[in-house]
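This is the structure we're talking about:
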C-alpha cells in the first residue's frame, strides 16, 4: 500500500511539472490519490505515539519511523550496556542510526 501511495504521489508531483491536457476523470483520480496519500501520512503519525526509548521493548521501538527489528535490537543492546539515553543525539551512537533515521524518529521520542 505504501508503494502504491508513493507512486500516486510521484505521478501527482510530476503532473504539476508537465502541461498535458488531461480528462476530468483522470484529473479527479489524481486528486483523490493525493488526498489519500496525505491522509495516510497523517494517520501514520497519529498511529505512532511518543515512545520512551529508555523503557520501550523491541516491538514498541519498531513502531518508530526508520526502525526495523535489527535497529530496535541494537537500541535495546546499547541501552543495556550504556544506560539510559539522555537525549536524541545519544541514539547516533547506536549501530544503524544515522542523522536521517534520527530525524525521522525525533518527533516520536520521549526520554
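In our numbering, the protein residues as written are 23 to 133.
C-beta: ideal position from N, C-alpha, C; glycine also.
Skipping 5 residues on each side, what residues in its chain have a beta carbon closer than 8 Å to that of residue 114? 120, 121 and 124
Close-in-space but distant-in-sequence residues of the same chain around residue 80 (CB under 6 Å, 5 per side omitted): 94, 95 and 98
Per-residue burial, residue 107 [other beta carbons within 10 Å of its own, 16 or more giving buried]: Residue 107 comes out buried.
Beta-ladder partner(s) of residue 132, from DSSP: According to the DSSP secondary-structure assignment, residue 132 is paired through a beta bridge with 74.
Could you pull the start and end residues of the alpha helix (DSSP H) that residue 134 belongs to? Examination of residue 134 is not possible in this model, given that the chain is present from 23 through 133 alone.
Within 8 Å, strictly: CB atoms of residue 133 and residue 76: yes
When we look at the beta-carbon of residue 92 and count the other beta-carbons within 10 Å, is it buried (16 or more) or exposed? exposed
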